[in-house]
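Residue numbers (this note's numbering): 4 to 258. Cβ atoms here follow ideal geometry from the backbone N, Cα and C, with glycine treated the same way.
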């Protein structure tokens, strides 16, 4: 059996209870060594075989799993954050399907949640932003034209941008060309929830300048939009005394 487990955003105690249990049960662990906190490997049992996928191809990962399956072993494929976001898991699942290898997915806490915690922000503020766009700049891996940074910027929603810390100058240009004002609030969150986490608040215009000043070129999320400022929002109706819900009767005229 193969379990594809989300390791969480970085902090060792932000893996899920299920994920931690699966790590403890595993006979083989293949972890994304360039991104996953190695401290999580302390949860594995004695004798567990550990492989770092940073130096492996997909074919090598599948072959390692295949061998473990022949021996009747439990394998954990440990991904950073949540496996469904930039985890390249579809190609792995297709390979496992071809080999008739059974697998399950254990979700994890994504780094975009960790970044919000670091910024002490709510992504969805009433009358400011009710949508979050999770995306990335085009680099070695292409992006559909309809999903370009410039195209998404036109919506003025909150944007959480992965895998783009090394492209901040171009990112800034594309955001402005798409419709964001130069002074739109932005933030760079480096290694969210790790012990060496770093938060840089800035604007869309000076993203590249601030990133260069702090020496950040990888392992960072860029958050863009008015929600980053966390001000000028409307109070939520859900907890307003006048608002009636299925659990509470609103009080007319009460502020």
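C-alpha distance - residue i paired with residue j, whole-angstrom precision
| i | j | result |
| --- | --- | --- |
| residue 183 | residue 53 | 45 Å |
| residue 234 | residue 16 | 31 Å |
| residue 66 | residue 83 | 21 Å |
| residue 42 | residue 104 | 28 Å |
| residue 5 | residue 240 | 44 Å |
| residue 150 | residue 245 | 40 Å |
| residue 200 | residue 118 | 10 Å |
| residue 2 | residue 21 | Shown here, the chain extends from 4 to 258; a query on residue 2 therefore has no answer. |
| residue 255 | residue 107 | 50 Å |
| residue 2 | residue 186 | Since the first residue of the chain shown is 4 and the last is 258, residue 2 is not available in this structure. |
| residue 79 | residue 40 | 15 Å |
Own chain, CB closer than 8 Å to residue i, minus 5 neighbours either side, in chain order
| i | result |
| --- | --- |
| residue 85 | 9, 110, 111, 112 and 113 |
| residue 134 | 127, 158, 160 and 161 |
| residue 173 | 140 |
Sequence-distant residues of the same chain with beta carbon closer than 7 Å to residue i, five excluded per side
| i | result |
| --- | --- |
| residue 258 | Here the model assigns residue 258 a pLDDT of 48, short of 50, so the residue's position is not dependable and the matter cannot be decided. |
| residue 115 | 137, 163 and 224 |
Status (buried if at least 16 other CB within 10 Å, exposed otherwise) for residue i
| i | result |
| --- | --- |
| residue 198 | exposed |
| residue 57 | exposed |
| residue 11 | buried |
| residue 147 | exposed |
| residue 193 | buried |
| residue 61 | exposed |
| residue 50 | exposed |
| residue 121 | buried |
| residue 206 | buried |
DSSP state of residue i mapped onto helix, strand, coil
| i | result |
| --- | --- |
| residue 165 | strand |
| residue 258 | At residue 258, the pLDDT of 48 sits below 50, so the modelled position is not reliable and the matter cannot be decided from this model. |
| residue 194 | coil |
| residue 188 | strand |
| residue 117 | helix |
| residue 176 | helix |
6 Å CB neighbourhood of residue i in its chain, flanking five on each side removed
| i | result |
| --- | --- |
| residue 14 | 196 |
| residue 142 | none |
| residue 168 | 219, 220, 221 and 223 |
Touching or not, the region 26-34 and the region 70-83, by the rule of three or more beta carbon pairs under 8 Å? yes
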